[in-house]
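See structure below.
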Amino acid sequence: GGILLGPSVLGRSKAMASIIFPARSETIIETFTMFGVMLFLFCLGVKMDPATMLRPGRKAVVIGSSMLLFSLVVLLVLATVLQNHVTMGSSLKKALPYVAGVQALTGFPVISSLLIELRIHNTDLGRLAISSSMVCDVIGIALAAIGTGIGDSGGRAAASGLSIASAVALLLIVVYVFKPLILRMIRDTQPGKTIDDATLMYVVVLVLLTGLAGESVGQHYLGPLFLGLIVPDGPPLGTAIESRLELFTSSLLYPAFVSVSGLRTDLFQIRYESLSILSAMFGISVLVKLGVVVSAALFSKIPFREAFVLGLILNVKGIIELVLYNVWRNGRVLTTELFSLCVISTILVTGIATPLVKALFDPSRQFISAKRSSIQHSKPNSELRIVVCVDSHDSIPTILNLLEVSHASEESPIAIMAMVLVELIGRTTTMLVCHGDRVIDSSSITSGHIINAFRNYEHHREGRVTVETFTAISDFDTMHVDICQVALDERASIVIVPFHKQWAVDGQVGKVNRHVQIMNLHVLEQAPCSVGILIDRGIVRGTLPILTSESTFHVAVLFIGGPDDAESLAYGSRMAKHENAIVTVIRFLLFGSENTKDRRIDTELIYEYRHINMGNDRFVYVEEVVRDGAALASFVGKMVDGYDLILIGRQHQASPIFMGLEQWSECPELGILPDMLASPDFESTASVLVIQQQRVGGTLLAGHAVQSAIYPRDQAFAPTTGPRDEAGRSSWSISIDKRGRT
């Protein structure tokens, strides 16, 4: 937009230029944009994680340092060769080393913004790109501070040392003077309260003071960045900056700065001599950085495709380069012609690299699996591997009961991967933390008491249950990537995620989180295993722990047919082995559909599971014949209160059995009947686990075969199909005991 309004298009008309941007407004606009850059860099510093900068991984160090140092050496040598062997103007000869130096840089804010825009910032590749750019920035800022000091002093050793010492002094003042002030502001804020406007204004004043101090020692805009780095993330201050300053800065001040850069761009001043020399410089810099990154990534055992994409990402230009170009233009290092060429190169490189990254890298592709990972298709007596996602400590009792009733035994233990989901606020660096055996202080982090609850459960079930704990810190729009990655790495059979509605004690919906709903839809679409959505009503019923009580836990499996119900049946069959659980399988049959192929397949499946549970009094099978959706809803409404947990498949084939229920569906992630069970109008205190069986290659698994010992057929176990109901009754039921008696 700035280029269109500037001298390249509309601004070529002096009359139009005087109307849009009169000469007297230039100082005001420039001051406004300088303030915007300071606030932007401060907010950027708040989002950066100093721990990541100080303790980067080996791959990030190798890629980031080699990219910067090798590119810098090659480009500075190229600049020297061009200066000595190519005829050029004095202004271009003077500017060439500066342009070469900035091409070697890779700005963390630029990379972070790109990855967030493409929604890949919490993938392994995205985290590596951010860490590598941070390493590059740390080295680059140090070299830039030294270079600026030497440049401003005219190369005199004493003056250069004084300038560098001033930059170090600025950093020390920020750490030992301003940081205590900020920490005191945080301490003065009452627990649970937000930062007031007066305190936030004091912070803005500190930003201006550090900006002034940075300018006075020749380190342009470095002070606000340092100040942002020492601000603690999260509430109360980090959250307040994110919610109040970030929107104002990113939506108004940052675009204003970019627009002013466009206003200063004049394409008509570009000459062929400068165009050819700088184009060669820009092109070679892209190729050199791409080659160095790909080589370093391959050395770090990264596949070529991902290495190439990483090279494209780290070539992207943005705000950092524009800031330097504007500083050099104001300092007369760059003429309007050279400034225009640099701005255009930034636009072109980013405009070409971004769609290429989007086309070449799809994070969901890695989760597509041709291998079956579901409860139904697990081997007999194999370890059940479950990923459990928790976003609130209120759901812990229900989750622990679900895990306990899953029946961990010495023959078939359970491996639990507990993921605490924490929304990313006040930081741009997403994190997936594996806690291992470290002691977690419940008062130090929000997720501490949740993690300790799972560890206590592991201690009570020692030898039968193993627990591995994670904390995923990300925004909910991309949280599914972490969940699916853990499920893939840990070879999970099922992922259990929370429902986006939380119930209050009075039975009404107390809290709704639409971000969790979006996350669940993504998990259902991309998960490499089966998925369960847990609708937790434990707070309504008053959950008693199965582990420490002798009470019976009643589970209902609602079976209509299809792969998702088959997975629910497999899970319920496992639960029936628990000594304190009674599992009732309720099969709904459509009146008059005895001879359909799908019904025969489902009958075979149920027959096999009844054989597996032969002699088990805790496994009960019931059939219910219904005519339509009204009869189905009526029966379900009458029976659900007798159960603590209901298992049901997510999706079913279109059938008259759902007639009249489709229009009431509100939650697409649940399916028709589960949606009814999750409705606030449905009077029930039972928790519900809505299960989707793994999709292999994006489709349902073929067939319903059970990976268990199959016993010889006994006709006494064949379910009985009743005659047609000529009396016009909507439904009737048949109960069959373990010996086949009705």
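Read in order, the letters of the sequence shown correspond to residues -8 to 733 in the working numbering. Backbone N, C-alpha and C fix where the C-beta goes; we use that ideal spot for every residue, glycine too.
- For S270, which of I335, V285, R255 has the nearest alpha-carbon? I335
- Task: Thinking F33 and V198 are a contact (beta carbons under 8 angstroms), I'd like their distance in whole angstroms, please.
- Result: 5 angstroms
- Item | Residue burial classification, N372 (beta-carbon count within 10 angstroms, cutoff 16) | exposed
- Own chain residues within Cβ distance below 6 angstroms of I(-6), not counting five before or after: G253, T256
- Find the nearest neighbour of Y263 within the set T78, M39, C520, V90, judged by alpha-carbon distance. T78
- Have a look at A86 and L325 and give me their C-alpha separation to the nearest angstrom. 6 angstroms
- Let me know the secondary structure DSSP gives P388 once reduced to three states. helix
- With 16 other Cβ atoms within 10 Å as the buried cut-off, status of Y167: exposed
- Item | Limits of the unbroken alpha helix (DSSP H) element including K588 | Counting along the chain, the alpha helix (DSSP H) containing K588 begins and ends at 588 to 603.
- Query: Which residue's Cα is closest to the Cα of E541: L161, H569, G529?
  - Reply: The candidate whose alpha carbon is nearest that of E541 is H569.
- Message: I'd like to know whether the C-beta atoms of M408 and L220 end up nearer to each other than 9 angstroms.
- Response: no
- Task: Could you spell out where the alpha helix (DSSP H) holding I337 opens and where it closes?
- Result: The identity of residue 337 in the sequence shown is Thr, whereas the question assumes Ile. Start and end: 327 to 351.
- Message: Starting from C475, trace the alpha helix (DSSP H) in both directions and tell me its first and last residue.
- Response: 470 to 480
- Neighbourhood of P647 by C-beta, 7 angstroms cutoff - its chain only, sequence neighbours within 5 removed: L581, D619
- Query: Can you list, in chain order, the residues of its chain whose CB lies under 8 angstroms from that of L313, leaving out five sequence neighbours each side?
  - Reply: F248, V249, S252, V334, T337
- Task: Whole angstroms is fine: what's the gap from L278's alpha carbon to R49's?
- Result: 24 angstroms
- Message: By alpha-carbon positions, which one of P404, G205, D608 ends up nearest to I573?
- Response: The residue with the shortest Cα to Cα distance from I573 is D608.
- Output yes or no for whether 9 angstroms exceeds the beta carbon distance between I526 and D468. no
- Query: Is it buried or exposed for V196, if we count other Cβ within 10 angstroms and need 16 for buried?
  - Reply: exposed
- Going by alpha carbons, who is nearest to T778 out of Y634, F461, D187? Nothing about residue 778 can be read from this structure; the chain reaches only from -8 to 733.
- Helix, strand or coil: which one does DSSP assign to G302? helix
- Query: Can you name, in chain order, every residue of its own chain whose Cβ lies under 7 angstroms from the Cβ of K349, other than the five neighbours on each side?
  - Reply: L109
- What residue does the alpha helix (DSSP H) around A189 start on, and which one ends it? 188 to 207
- Which same chain residues, not among the five before or five after I232, have their C-beta less than 6 angstroms away from its C-beta? V37
- Going by other Cβ atoms of all chains shown within 10 Å of its Cβ, with 16 needed for buried, is Q499 buried or exposed? exposed
- Task: Could you say which of S82, Y89, V53 lies nearest to L63 if we only look at CA atoms?
- Result: Y89
- Is the beta carbon of A95 sitting closer than 9 angstroms to the one on S276? yes
- Query: In angstroms, rounded to a whole number, what distance separates the CA positions of D556 and S484?
  - Reply: 16 angstroms
- Mind checking K502: buried by the 16 CB within 10 Å criterion, or exposed? exposed
- By Cβ distance, which residues of its chain are closer than 8 angstroms to P659, with the 5 residues on each side in sequence left out? So the qualifying residues of the chain are L512.
- Item | Same chain, Cβ closer than 6 angstroms to N447, five either side skipped, listed in chain order | Residues of the same chain with their beta carbon placed closer than 6 angstroms to that of N447 are lacking, with the five preceding and five following residues left out of the count.
- Message: Pull the bridge partners of F579 from the DSSP assignment, please.
- Response: Per DSSP, E615.
- Using 10 angstroms around the beta-carbon of G719, count the other beta-carbons present and answer buried if the total reaches 16, otherwise exposed. With a pLDDT of only 38 at G719, under the threshold of 50, the placement of this residue in the model should not be trusted, and no figure is reported.
- Are three or more beta carbon pairs between the segment 101 to 108 and the segment 117 to 136 nearer than 8 angstroms? yes
- Applying the criterion that 16 or more other CB atoms from any shown protein chain within 10 Å of the CB defines a buried residue, is V72 buried or exposed? exposed
- Query: For F99 versus C127, is the C-beta distance shorter than 9 angstroms?
  - Reply: The beta carbons of F99 and C127 sit closer together than 9 angstroms.
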